[in-house]
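Reading through the structure tokens given below for one structure.
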Amino acid sequence: MSSYTIPSVIERTSTGAERTADVFSRLLSDRIVYLGTPVDDGVANTIIAQVLHLENQAPESPIQLYINSAGGDVQSVLAIHDALAYVRCPVAVTVIGQVVAAPVLLLAAGTPGMRAVLPHARVVLRPLEASGRGAIPDLILAAEEVERIRREIESLLAEHSGRDLAAVRHDLERERVLDARAAIAYGLADTVLERRRAG
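If you use the working numbering, the sequence shown corresponds to residues -12 to 186, in order.
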């Protein structure tokens, strides 16, 4: 996780007293989860805990997940993906800025009809990378694991987008950048949000 100052917000309670909270806690109280970094184990655990908390609080009420993520650990992204699929709450996903590589799955996994991108957002499909050092047998095992995860991601993207598995596999051979409209055409999002609806 990168280090940056987390802003605080001041609210007035019903008794007129002022209360200070960090902005993420304030958003969470409105059922909003914000993912604004690349995904690692710590980020995934935080997102999953927030999603589970919101489901426990009100299992039928929607969760709003906003994403601006430049990538991250595939296994951590799959953990968040599985949590989103597991909860009973509808999950509205909105991409602000960009979603790159594995976190594209999180956009695609939103509740159908509730997956949005802002007008200048970009969705970047990127091939899964493998790297490593060590003995040849270990490298062979690592390559087999990368191939297994690659097939899993291709299958999930095909399922969520409604695209043919072979087409998704082909599209993930090289980096492919989709603008907001192209993300909808690809089946990863449902709408471009030009501006927030009143109310």
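Beta carbons are placed, not taken as given, at the ideal position from N, Cα and C, and that holds for glycine. Remember, predicted model here, so these are calculated numbers, not experimental data.
*Out of curiosity, what's the CA-to-CA distance linking Ala66 and Ile35?*
Cα-Cα distance, rounded: 8 Å.
*CA nearest to the CA of Ser148, picked from Leu159, Val87 and Tyr173*: Looking at the Cα atoms, Tyr173 is the closest of the given residues.
*Leaving out the 5 sequence neighbours to the left and right, which residues in its chain are closer than 6 Å to Ser(-5) when beta-carbon positions are compared?*
Only residues of its own chain outside the window of five on either side were considered, and among them Thr7 and Asp9 have a CB closer than 6 Å to the CB of Ser(-5), listed in chain order.
*Meets three-Cβ-pair contact criterion under 8 Å: the segment 99 to 114 and the segment 126 to 136*: No, the segment 99 to 114 is not in contact with the segment 126 to 136.
_Could you compute how far the alpha carbon of Leu93 sits from the alpha carbon of Pro124?_
Computed Cα separation, rounded: 33 Å.
_Where the beta strand (DSSP E) through Leu165 begins and ends_ = Residues Arg163 to Asp166.
*For Gly97, three-class secondary structure by DSSP*: Here Gly97 sits in coil by DSSP.
*Tell me whether the beta-carbon of Val38 lies closer than 9 Å to the beta-carbon of Val74.*
For the 9 Å CB-CB criterion, Val38 and Val74 form a contact.
*Starting from Leu39 and walking both ways along the alpha helix (DSSP H), at which residues does that stretch end?*
Segment Asp28 to Gln44, the alpha helix (DSSP H) holding Leu39.
*asked:* Between Ala176, Gly3, Asn32 and Cys76, which has its C-alpha nearest Gly100's C-alpha?
replied: Proximity to Gly100 across Ala176, Gly3, Asn32 and Cys76 peaks at Ala176, based on C-alpha coordinates.
*Per DSSP, what kind of secondary structure is Ser56 in: helix, strand or coil?*
It is a strand residue.
_Suppose only complete runs of 3+ residues qualify. What are the beta strand (DSSP E) ranges in the segment 126 to 171, listed by chain order?_
Fully enclosed beta strand (DSSP E) runs of 3 or longer: 163 to 166.
*Return helix, strand or coil for Asp69, following the three-state DSSP convention.*
Three-state result, Asp69: helix.
*Under a Cβ-count criterion, where at least 16 other Cβ atoms within 10 Å of its own Cβ denotes burial, should Pro25 be classed as buried or exposed?*
With 16 or more other Cβ atoms from the protein chains shown falling within 10 Å of its own Cβ, Pro25 counts as buried.
*Taking 9 Å as the cut-off, decide whether the C-beta atoms of Pro114 and Leu159 are in contact.*
The answer is yes: Cβ separation under 9 Å.
_According to DSSP, residues forming a beta bridge with Thr(-5)_ = It should be noted that the sequence gives Ser, not Thr, for residue -5. As DSSP reads the structure, Ser(-5) sits in a beta bridge with Asp9.
*On the DSSP bridge assignment, give the partners of Ile19 in chain order.*
By DSSP's assignment, Ile19 forms a beta bridge with Gln51.
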